[in-house]
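In terms of the UniProt record's numbering, the sequence shown opens at residue 1 and continues consecutively. These notes are about the structure you will find just below.
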Amino acid sequence: MEKICVAVRVRPPICHENSSSTFWRVDDNQISLHKLHGSPISCVSYAFDHVFDENCSNSDIYELLTKDIIHAAVDGFNGTSFAYGQTSSGKTFTMNGSSNDPGIIHRAVNDIFQKINIISDREFLIRVSYMEIYNEEINDLFAVENQKLQIHENLERGIFVAGLREEIVNNAEQVMKLLESGEVNRHFGETNMNARSSRSHTIFRVVIESKGKDTGSFGDYSSSDAIRVSVLNLVDLAGSERIAKTGTGGVRLKEGKYINKSLMVLGNVINKLSDSAKQRAHIPYRDSKLTRILQPALGGNAKTSIICTVAPEEIHIEETKGTLLFASRAKRVTNCAQVNEVLTDAALLKRQKLEIEELRRKLQGSHAEVLEQEILKLRNDMLQYELEREKLEMELEKERRSHKERDRYIRDQLMMIENLSSLVSDGDGSSSQGSMKESPIEECNNRGDDFKTPCFRAAPKAFVAKRSNYSQLPDLSPLPDSFSDVADEDTWFKINKGYIADLYSLQTTPARKVQSFPPEDVTPNYLNKKYKTELQNLKRRLELVTEEKNELQRKLAEDIEVKDRLKGDISKLKQEALLAREMPQRLCDSVTSFKDTYEEVLSKMQRYTFDGKSSTAKLLRCICEIGSILFSTMETSISNTTDRHKLSYGNDSLIQEYNKMLSEKLKSTITSLILSETASSEDKQTKTPCSCNFEVAAWSRYHVSILVLFFVMILGYFVSFFRTLIF
Ligand SMILES: Nc1ncnc2c1ncn2[C@@H]1O[C@H](COP(=O)(O)OP(=O)(O)OP(=O)(O)O)[C@@H](O)[C@H]1O
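Now the structure itself:
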C-alpha cells in the first residue's frame, strides 16, 4: 500500500494586481497564504510531497514527481500522472510544455525508450493511444472517425475503451509525431480566462508489455515466461471554471458544465477514498467517464501522482483554496500497486517444477527447517494459484455466456430493424440490406485489425507479433448516457468548497457488487466469514505440507537403507576381487612346488636305472621331458591368467595340443618299451641270464610303470583342474 504522491505548482502571475492584499508563499513543501506585509493567515497553510514555486521548470517536476512512476511502469507497474487545477492555472503547460521546456508527456516518452534500450534481458512492445473526454463523450484523438466510444471491462484488460486506436511504436520520435497529430483533434476554445482553454480531459495512454529473453539459467523462473503488462496514463484535465469569470455562453457554457460536473465526481471519488476504510462505502467511479477510466489509478493497482496547479493572483484565491483542499484529500488516498504479470499455464508449471527441484536439492543438503518453511510457502502459492485460476475460469465462463447472449440480442434487434425498415420502405429493401451487412461486433473486430502502425519499422518478433494482435471483444458496461444539467454556480461551489455531493441522488448507474479495489464489504460478519475460510484454507495447506514432508522423510530413510545394503555388497565384491587377483599367483606357487616334487621323485627313480640305455631309463627320460613340457605350459598359462588381457581361448587350444602331443609321445615310448621288453625276453631263453640284474631291472620297470601311470593320472587331473579354474 502506498499513498498517492501529490504536489502543487504555482504558475507565474499573468497579470500583476496593484490592489492585492494577500499572496501565496512557498516554503520547501509548504504553501501558505500571507497578508501583504508578511504575517500568515491562520488555517490557510498546506503541506504536500512537493510544492513548486513559479520558478520551477517542467524538468524539476518530472524529476521529482513523475520519473519514478515512469520507470516503475517499464518494470511492470501501472502508473498515472495527472494535472488538476482551475482553468488557466498551467495544467496543459505542465503536461505538454513548451518548445524550451518540454512537458511531462514528452519527457516520459523519451525516458521510456531510453530505459527499455538499456534493459537487454527483456523484449518490449509499446502501444500508445490518445483520447479525450469531451462533453462526457470519449473521442479518439488518433482517429477522428472514432467518436463516442464506450468503456468496457474484462478480466484480461481490466477497464478499457473499446474501439480506441492503439499504435505500436518503436521510438520516441514516432510517438511525438502521433501526439502532434492528436493535438490537432483536441477541443480547445477561447474564454475570458484562457485564450486556449482545454475544453476536454485528455488521456495519453502507453501500454508497456515485456517478456524476459530466455537465458536458460536455473532459478530464472520468476521472469522468463511471464509477460508483464503495465498501463501508463498521462492525463491533462480540463480546468474547473466559474461562468461568471469565464463569461461564456452557448457551446462554451455547455462545455463548462460538463467539465465542472466530471471534476465534481472526481472530487467525490477522492473524498470517499480519503475516508478511512470503515467510513468508506460505495466509491462512485461510474458516475463519470473520467473516474471510470482512472479507476485503477484512484485507490487501485497503480502508482499515481497528481500535480495540482494554482494561479497566484488574488482574484483566484477561492479556486486556489479549492484546489489545495482537493490536493489535501488526494494525499490521503492509498493505492496498492503490484507488478502485472500474465503467467501462461506452461510458465506456471515450469516455475513450480523448478521450485520443487530447488527444494529437493536443499533436502539433500539436509536443511530440514528451512525446507519446511519453503514447502509451506510453496504449497501456499500453489494453492493460491489454483484458487485464482479456478475463479478466473468461472468468471471467464460467465463472461462468455453473457457475451453470447448479448450477441444474440444484437442480432435479434438487427433483424427486427431490418424487418421494420423493409415494411416501411415501398418494397425497395436494398438500402436496408446494404447497411445491415455488418453487425456492430464485426465492425468492432474490423476496427481492431486496423490497429497496426503503417510505419512500423520491421516485422515484429514472435512475442511482439503475438501481443500486437491484442484485441478483445468488449463487454458492455454502461455509463450514464448524459450528464443532467447542473447549475453551474452550484457545481463550482461544490468543487471548490470541498462539498461532498449526495452521491446517491447523482448516481445514475447501480453500484456493482464486484469492485477490483478496494473491498467494499467490510462488515464484521463478512470479515468473520472471510477469516474462517482463510483459516480453513491454511489448515488444509498445512496438512498437505506435513504429508509431503513425511513422504520426503520416508523416502530419505529408504534411500539410506538401500545405500547401506549396497555398501555391504560392494565390500564383499571387493574381497572376492582381491581373492581372484591372488589366485593365479597361488596357482603358480602350487605348480612350482608340484614341479619340484615331481623332479625330486623322478631323480630318485632315475637312481634305480643302472645305465641310461635301458628301457626304464628311456621311459623315465620321456616322463621327465613330458613333465617339464607340461609344467612350462602350465606356468605360461598361469602367467597369462594374471594378465587378464592376454587370456583367450587360444590358451585352451594350446593346452589341448600339448596334451595330445604328450599322450602320443607317452604312447610311443610305452610301445617302444614293450617291444624292447619282448626282445629281451626272447634273449633270455637263448643267452645265460644274469638273474640278479634281471630281477632288479624287472622290479624297477614294474615300479616305474606304476609311477608313470600315477604321474600321468595326476598330471591329467591337474591339467583338467587348471583348465576349469581358468575358463
Ligand atoms: N509555469 C508556467 N510558466 C510559464 N507560463 C505558464 C506556466 N503555467 C502556465 N503558463 C501559461 O499560462 C497560460 C495558461 O496555461 P494553460 O493553458 O496551461 O492552463 P490550463 O490550466 O491548461 O488551462 P485550461 O484548463 O483552461 O486548459 C498559458 O499561456 C501558459 O503558457
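For each residue, glycine too, the CB sits at the ideal point set by N, CA and C. The model shown is predicted, which means the values in this text are computed figures rather than measured ones.
- At a threshold of 8 Å, E63 does not count as near ligand 1, since its beta carbon sits no closer than that to any of the ligand's heavy atoms.
- Shortest Cα-Cα distance from V269 to any of Q585, L290, N58 and E386 involves L290.
- Pairing Q86 with Q536, the inter-Cα distance amounts to about 53 Å.
- Secondary-structure assignment with DSSP links G79 through a beta bridge to L232 and K303.
- A distance criterion of 8 Å places the beta-carbon of K391 beyond contact range of ligand 1, judged by its closest non-hydrogen atom.
- Residue environment analysis places D236 among the buried positions, since at least 16 neighbouring C-beta atoms fall within 10 angstroms of its C-beta.
- Here the alpha carbon of L234 sits roughly 12 Å from the alpha carbon of Y84.
- By the 16-neighbour rule on beta-carbons within 10 angstroms, C308 is buried.
- Under the three-state reduction of DSSP output, L155 falls in the coil class, being neither helix nor strand.
- Within the same chain, Y258 come within 6 Å of N135 by CB-CB distance, once the 5 residues on both sides are set aside.
- Secondary-structure assignment with DSSP links M415 through no beta bridge to anything.
- In the three-state DSSP reduction, H282 falls in the coil class, being neither helix nor strand.
- Contact holds between the stretch 63 to 80 and the stretch 114 to 125, because three or more Cβ pairs, one in each stretch, are under 8 Å apart.
- With fewer than 16 other Cβ atoms inside 10 Å of its own Cβ, M415 counts as exposed.
- Three or more beta-carbon pairs separated by less than 8 Å are not found between the stretch 63 to 70 and the stretch 22 to 33, which leaves the two stretches without contact.
- In this structure the stretch 122 to 137 lies against the stretch 193 to 204, because at least three pairs of beta carbons, one per stretch, are closer than 8 Å.
- Residues V591 and K595 of the same chain have their beta carbon placed closer than 7 Å to that of F631, with the five preceding and five following residues left out of the count.
- The bridge partners DSSP lists for K35 are T22.
- Looking at S98, I112 and H187, the one whose alpha-carbon comes closest to that of E137 is H187.
- Sequence-distant Cβ neighbours of K213 in its own chain, meaning closer than 7 Å and more than five residues away, are D121, R122 and E123.
- Here M264 carries a helix assignment [DSSP, helix/strand/coil].
- No heavy atom of ligand 1 is found nearer than 8 Å to the CB of R186.
- Around the C-beta of M634, 16 or more other C-beta atoms lie within 10 Å, and the residue is accordingly described as buried.
- With distances taken between CA atoms, I105 lies nearest to S59 out of R408, S59, F142 and S88.
- Each residue's CA atom was taken as its position, placing A238 and R540 some 53 Å apart.
- Taken through DSSP and simplified to helix, strand or coil, F52 comes out as strand.
- Taking a 10 Å sphere around the C-beta of C336, we find fewer than 16 other C-beta atoms and assign the residue as exposed.
- Under the DSSP assignment, I317 falls in the alpha helix (DSSP H) whose first and last residues are I317 to A330.
- Within the chosen limit of 8 Å, ligand 1 reaches the beta carbon of A238 through at least one heavy atom.
- In the three-state scheme derived from DSSP, where H, G and I count as helix and E and B as strand, V144 is classed as coil.
- In the assembly as shown, Y409 is an exposed residue. Its beta-carbon has fewer than 16 other beta-carbons within 10 Å.
- With respect to the 9 Å criterion, R379 and E548 are classified as neighbours on the basis of their beta carbons.
- Contact annotation, N29 with D49: C-beta distance approximately 7 Å; criterion of less than 8 Å satisfied.
- Residue pairing by DSSP places T66 opposite no residue, since no beta bridge is assigned to it.
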